[in-house]
Amino acid sequence: MTPLATLTMDASRLVERLHHSDESALQECYHLYGPSVRSMVARFVPRDDVDDVVQHVFFEFWRHRRRLEAGRNPAPLLVNLARQRAIDHLRRRREVVSVETVPEPASTGEDFVNRLIFAHDVRAAVASLSDDQRECVELVVLQGLTHRDAAERLGVPVGTVKARVARALTRLARLIEEGGEQ
90 MTPLATLTMD
100 ASRLVERLHH
110 SDESALQECY
120 HLYGPSVRSM
130 VARFVPRDDV
140 DDVVQHVFFE
150 FWRHRRRLEA
160 GRNPAPLLVN
170 LARQRAIDHL
180 RRRREVVSVE
190 TVPEPASTGE
200 DFVNRLIFAH
210 DVRAAVASLS
220 DDQRECVELV
230 VLQGLTHRDA
240 AERLGVPVGT
250 VKARVARALT
260 RLARLIEEGG
270 EQ
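The sequence shown begins at 90 in the numbering used here and counts up by one.
Right under this line is the structure:
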């Protein structure tokens, strides 16, 4: 018997056990497919959140176990759930990005120093913006709000937010290119 035929028979039995709410079948799925699911999730989700997302994937897999087709390998469903949950997690997570963030360590000391200089230049350029422009950039670029949501929050027309962001980004690009000189 070929390994593929064995896998198909094993997958068929595994799905049957899942249909009968055999919790050891879930453990077996976790041992068989967990490393692949974890690897996929880790490509999208920050390292500190991977275990939480993987746990959510297997919880949802268990909840929907009766939807599995008899005789079919559960791996495609797990991979699909992993992709969906990773995307959902990223959408929910949308952290506020801070210009105060220190760059991650670089491969060389020179790279690290260059990143620190760049971060300093970005902070200086953002600080040089008018209050109106800085507020719009923080809402739209750093917090990820839509122009419309930022306009509602600020009580100004959408076109005003778009214009402020466009002028601010042009100014930031010029200032950063010049090395933060104003």
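Heads up, the beta-carbon is just placed ideally off N, CA and C, and yes, glycines get one too. As the structure is a computational prediction, the values presented were derived from the model and not from experiment.
Judged by DSSP in its simplified three-state form, PHE147 adopts helix. Contact between TYR122 and ALA164 holds, with the beta-carbon distance rounding to 6 angstroms and staying under 8 angstroms. Taking the CA atoms as reference points, LEU166 sits about 10 angstroms from GLU149. Separation of the CB atoms of PHE147 and LEU115 is rounded to 7 angstroms, and the pair is thereby assigned contact status at 8 angstroms.
Taking C-beta atoms as the reference points, VAL104 and ALA159 count as a pair closer than 8 angstroms.
By the beta-carbon neighbour count (other beta carbons within 10 angstroms, threshold 16), GLU227 is buried.
Distances from the CA of VAL134 to each of ASN169, ASP177, TYR119, ALA239 were compared; the closest alpha carbon is that of ASP177. Annotation for ARG223: the continuous alpha helix (DSSP H) segment containing it runs 220-226.
With respect to the 8 angstroms criterion, VAL247 and CYS225 are not classified as neighbours on the basis of their beta carbons.
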